[in-house]
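Presented below is the structure to which this report refers.
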Amino acid sequence: MRKKNIWKQLLSLTLSGVLLLGSAPVSGEELFSESEDTLYTGVEAQVFSEEEAQAFSEEEEQVQDVPAEEDTDQVQDVFEDEAEEAENEVGEFQSAKEQSEDLFSSGEVTDEDSQALTEEEIAAQKAPMEELSPILVVEDPFSTSSGISGRSRSYGSSLPSRYDTRGAYTSQVKNQKPYGMCWAFTTAAGMETSLLMKGQGLYDLSEEHLAYFFANRLNDPLGNTANDKNIVSGSYREGGNQVLASLFLSTWSGMGLESQAPYPTDATHTEQYDTKPSTSLAYQTSAYLTDAVFSGYDVGKIKELIYQYGAVGMSLWLDGSYYDAINYTYGYPYEGSGANHAVTLVGWDDSFDKNNFPAASKVTRNGAWIAKNSWGSEWGDGGYFYISYDNKSNYNIVAEGATVAPAYTNNYFYDGSSALSSLSLKKQTASSGATMAANVFTATAGNGNGEVLGEVVLATHSDAGLFGIQVYTNLTNPADPTSGIPAYSTPVQFYQTYAGISTVKVPEVTLTQGSMYSVVITNLGSSSIDFLCETEGNYSWVRFQPGLAIEQSFAYNSKDGWSDLYEDGMCLRIKAHTRTLSGPVTIAAPGFLTAASASYKQINLSWSAVSGVSGYEIYRKAKGGSYQKLGNTSYGTTSYKDGSARYGVTYTYKVRAYTNVSSGKLYSSFSREKSAKAALAVPMVSVKVSGSMYNKVSWTKSYGAQGYVVYRKVSKGKWKRIATLKGSSVLSYKDKKISATTVYEYAVRAYRKINGKNVTSGYKSSGKYKSAAARQKVSSVTNTRYGLRIRWKTQTKCDGYFLYRREGKGKWKRIGTVSSGKRSVYFDNTVKKGKSYAYYVRAYVKEPYGIVAGRYTKSVAVRKK
């Protein structure tokens, strides 16, 4: 057999030893930074340009020449025999390397390579392919335009020509024999790689745990999915699909450690043990799915996914007739074959020589995927092989993201089973079809304590979706997802580049225990999005049984409003993630309560809003009485009109907030008390001074008034009634009995006859206003040496004068201002000799709102001499 990379074997053995010695995860940093001489290069993936390819080959040979001391010591401690054998073979291995370039780096094979395997060894490499059975393939996601300017893109155009995550982000190659659980190994490998890429450590995840609980799922910790089942017809170890596995993993069951649920076989992978995981392990999760991408076959897109996620699972049809056991290459030339195996793509090489593939594969271009298999490290190139870009059987393409420590540990959902069905969610402006989708939940995870919602999970089968996400709290109607309080002033927008499962971080929302809340999704982008749903389903090897119930999942259309999807046999794949607070949610008392009379039988209340409550209750008592509930308002209303008050009675008020919960209402403490007496409202008075010698008095309406009484006083004088006006609509009065440049104040009282008696409101002064100046006359216009002199008789209580002039028969123009009422002369030195001029003067007064000029009399024309 062709010589393998000895130090790669040693490191693989080291990894296996570490994982066998215990179930605790190993830090990726600890594993890959033992020595700068070790083959594995740390947490950064190897990215090679065209020019660096040869340099990489030479560098790899140098690394292989000098084994890492710390790694060698560790291997000798655990696997002394293997280490000694490896050291003995180093010289022979280096000699072979000098005669042949690295296969993946060069894409070339020497004669010595072509003779490296015997017929028996080639047959052994192909033997597993003969044992494969067809597996389920699902329809590719629907690719569509987002309908948003600037969102279109070309996949993979800026990526390097070579990329290889081996040695940086890949866990050890595993062996699935003697079972047909390739889909579980592919899914686990993707999750393990995701954790390594995020620096969360090296984990050995249990494929048995995933496969068993997929087929034997249990009710979730919040008790919302007791009747959801994935019923596998045969052995759960002989069928599966990584797309359906991702839907299952979004429930946060099924991905424990290998030490918790060991693979049921012996070291030779020939024995089949009938052991099964304990049911107590169902939700003892070590790797939590954060997101998953579902993709069709597109070389550029898959490169992007590998670059982003580190690994991409893919199902394909494996046939030994199209596998080259010497070059470890594969390419199936026929479409529509279906699939019988799943592998993990961990890199690519655009320059991989097409001639390395079997002629029967009909490969027409260079380029290959680096594929991690699950048939042990003795198979292929250390457990890996190379798939042509031209391979025609490519299905169930999935990339997973994972974390070991979710920020929000309570997972609310109803979609426990894994059938792949969808609801067509139309754009929000569509005139027909569902334009909004929602799930309604009851907050129960806190066991009496409050919760904070911080993540929403969406699942789609369409690319390029733009969503609006709104959370409504404290629902009053379980059949209306919008019957609560919107958490955000405008919905949170989220753009989903790829079809699949997305965990969306949203601004935190506080939830009261026992309260109902909803997550409402709107399509803001493309004309239609395939939003995934839980439904009944029956594939060849598995049947899906959804435990649907009313008032869980809803769709909205403009014609019919909200409809319960239970009637359609559906439940949306919408999830909400929360965290539990250290204590119950307390509701703040309303603040800044005010109470003021609005009429003879109405008192108006107002208060400050309390965030996140369902509404408010208002209480009232009369003097000497006890409090009675007066009424209530919704969450958005912080005022109340008490129209049942009796005139002259003093009432005291208080207000409290409440939140709707399953057991009834949760209340705040009461606000501070405020008192008021029902009375005719005091009219608010304003005054406009007219230069035509009257003051116009105006006032606001006092509801319930039958008329108004107008009062006036001069400075330091007493109030005197100057008018009584009948009718509630009379809201102004002209006071013409005034003196020039005199300061006046006004007030107005509303009146009404109640129980046979005339009752008046209080009053408030308008403030002081100076009446206009009297008509101003010009006394004389006289020629002087420097111009014309204008004289007038002073009005000493006015505030000044405006002077106007007309030349000949031209227009009147203001030419000057005298800023004192005591001055009586003005010199016009801008006149021209021989021209005739006429003048007039206007005395003015200053009001709170501006200047008012009085009336005037024009002078005769005077010629300048």
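Per mature numbering (1 follows the signal peptide of the UniProt record, and there is no 0): the sequence shown = residues -28 to -1, 1 to 837. We put the CB at the ideal spot given by N, CA and C, even for glycine.
For the beta strand (DSSP E) that contains residue i, what are its first and last residues?
i	result
residue 479	472 to 483
residue 774	772 to 779
residue 542	From DSSP, residue 542 is part of no beta strand (DSSP E); its letter is neither H nor E.
residue 717	715 to 726
residue 819	808 to 819
residue 204	201 to 204
residue 606	600 to 606
residue 318	313 to 321
residue 490	488 to 495
residue 145	Run containing residue 145: none; DSSP gives neither H nor E here.
residue 751	750 to 755
residue 429	423 to 432
residue 797	797 to 800
residue 506	500 to 506
Measure the beta-carbon distance from residue i to residue j and round it to whole angstroms, keeping in mind my assumption that it falls under 8 Å.
i	j	result
residue 439	residue 466	5 Å
residue 277	residue 340	Not quite, the Cβ-Cβ distance comes to about 17 Å (not below 8 Å), so this is no contact.
residue 453	residue 534	6 Å
residue 88	residue 369	The Cβ separation is near 33 Å, so there is no contact.
residue 586	residue 630	6 Å
residue 355	residue 344	7 Å
residue 312	residue 107	6 Å
residue 178	residue 230	5 Å
residue 416	residue 471	About 32 Å separates the two Cβ atoms, so there is no contact after all.
residue 623	residue 648	6 Å
residue 233	residue 307	Incorrect: roughly 38 Å between the Cβ atoms, too far for contact.
Flag this pair as yes or no: are the beta carbons of residue i and residue j separated by less than 7 Å?
i	j	result
residue 481	residue 553	no
residue 389	residue 202	yes
residue 362	residue 336	yes
residue 562	residue 200	no
residue 569	residue 677	no
residue 377	residue 503	no
residue 158	residue 316	yes
residue 367	residue 333	no
residue 486	residue 635	yes
residue 741	residue 716	yes
residue 830	residue 755	no
residue 682	residue 720	yes
residue 796	residue 766	yes
residue 496	residue 423	no
Given that a residue counts as buried once 16 or more other Cβ atoms are within 10 Å of its Cβ, and exposed if not, what is residue i?
i	result
residue 835	exposed
residue 160	buried
residue 327	exposed
residue 275	buried
residue 185	buried
residue 44	Here the model assigns residue 44 a pLDDT of 36, short of 50, so the residue's position is not dependable, and the following value carries that caveat. With 16 or more other Cβ atoms within 10 Å, it is buried.
residue 3	The predicted position of residue 3 is uncertain, since its pLDDT is 36 and thus under 50; no value can be drawn from it.
residue 228	buried
residue 599	exposed
residue 446	buried
residue 531	exposed
residue 542	buried
residue 238	exposed
residue 291	buried
residue 688	exposed
residue 57	Any answer about residue 57 is weak, because its pLDDT of 42 lies below 50 and its placement is not dependable; what the coordinates show is given next. By the 10 Å Cβ count, residue 57 comes out exposed.
residue 245	exposed
residue 266	buried
Could you spell out where the alpha helix (DSSP H) holding residue i opens and where it closes?
i	result
residue 272	271 to 281
residue 184	179 to 187
residue 167	154 to 169
residue 841	The requested residue 841 does not occur in the structure, where the chain is confined to residues -28 to 837.
residue 571	First-last for residue 571: 566 to 571, but that is the beta strand (DSSP E), not the alpha helix (DSSP H).
residue 218	214 to 221
Segment contact flag, the region 717 to 737 with the region 752 to 769, C-beta cutoff 8 Å, min 3 pairs: no
Segment contact flag, the region 529 to 547 with the region 591 to 598, C-beta cutoff 8 Å, min 3 pairs: no
Cβ contact (3+ pairs, closer than 8 Å) linking the region 459 to 477 and the region 506 to 514: no
Sufficient close CB pairs (3 or more, under 8 Å) joining the region 598 to 612 to the region 658 to 671: no
The region 202 to 221 in contact with the region 396 to 405 per 3-pair CB rule at 8 Å: no
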